[in-house]
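In what follows, a structure is listed as structure tokens, so that the remarks can point back to it.
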Amino acid sequence: MDETVIVIMLKDKKTGFLEKELGCYHLGEQHNIMLNIYAEEDEQNSITVFLKLTCEKDVSDWEYNAILDYYDTETVKPFVDTIEELEQEYNPVWLVSFPFLQQQHQMEQKLHLILQAHQKELNSVYEVIADKKDDYIE
Numbered sequence: 008m009d010e011t012v013i014v015i016m017l018k019d020k021k022t023g024f025l026e027k028e029l030g031c032y033h034l035g036e037q038h039n040i041m042l043n044i045y046a047e048e049d050e051q052n053s054i055t056v057f058l059k060l061t062c063e064k065d066v067s068d069w070e071y072n073a074i075l076d077y078y079d080t081e082t083v084k085p086f087v088d089t090i091e092e093l094e095q096e097y098n099p100v101w102l103v104s105f106p107f108l109q110q111q112h113q114m115e116q117k118l119h120l121i122l123q124a125h126q127k128e129l130n131s132v133y134e135v136i137a138d139k140k141d142d143y144i145e
């Protein structure tokens, strides 16, 4: 599979428009568990990256609930400042935030660590819920 390159854009908090490219990063094959990514600058000129993590496949209703029940956010927490579940998405989604790193290599490494931890946790959850369908279907 071809390597994927993503661009992190700075988003204007007031308008919601993407204003400026902050950098391009190589993700390899991990792009399929990332819904989107952008950055925002605060009043102190600190830049925070917001990354939405998801599943690499569409899941059924029972899987959706089971994944959220069994997903342990502690697996990803060492690599991010915040992590929260987002509701009203088609598949399970977690929004993580962390400081933007100016050095391209450091930012790529950070993204890889987050995506690897998330994929590892998803794989663990898939294994655990494989035989739990009856618990979620009424």
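Sequential numbering of the sequence shown, starting at 8, is according to the working numbering.
Glycine included, every Cβ here is placed at the ideal spot set by N, Cα and C.
Note that this is a predicted model, so its numbers are computed, not measured.
Give the DSSP-derived three-state secondary structure of N98 in the structure shown.
Within the sequence shown, residue 98 is the residue found at index 91, counting from 1. DSSP places N98 in coil when its eight states are reduced to three.
Does DSSP put F86 in a helix, a strand or coil?
As a first step, residue 86 is located in the sequence shown; it is residue number 79 there, counting from the start. Of the three classes helix, strand and coil, the one that applies to F86 here is helix, per DSSP.
Limits of the unbroken alpha helix (DSSP H) element including Y77
Mapped onto the sequence shown, residue 77 falls at position 70. Its alpha helix (DSSP H) spans residues 68–77.
Output needed for H38: all residues of its chain with C-beta closer than 8 Å, excluding positions within five of it in sequence on either side, in chain order.
For the purposes of this step, residue 38 is taken as residue 31 along the sequence shown, with counting starting at 1. Here the set comprises T11, I13.
Starting from L122 and walking both ways along the alpha helix (DSSP H), at which residues does that stretch end?
As a first step, residue 122 is located in the sequence shown; it is residue number 115 there, counting from the start. Note, L122: alpha helix (DSSP H), 111–136.
Start-end ranges of the beta strand (DSSP E) lying completely within the stretch 33–68, minimum 3 residues:
With a minimum length of 3 residues, the continuous beta strand (DSSP E) runs that stay inside the stretch 33–68 are 41–48, 54–60.
Tell me, please, which residues DSSP counts as bridged to I13.
The residue labelled residue 13 in the question sits at position 6 within the sequence shown. Per DSSP, Y32.
Given I121 as reference, the closest of H112, G30, E94, L58 once Cα atoms are compared
On the sequence shown, residue 121 is found 114 positions in, with the first residue counted as 1. Nearest of H112, G30, E94, L58 to I121, Cα basis: L58.
Which value, in whole angstroms, describes the spacing of the CA atoms of V56 and F24?
Start at 1 with the first residue of the sequence shown, and residue 56 comes out as number 49. Start at 1 with the first residue of the sequence shown, and residue 24 comes out as number 17. Distance between the alpha carbons of V56 and F24 is about 15 Å.
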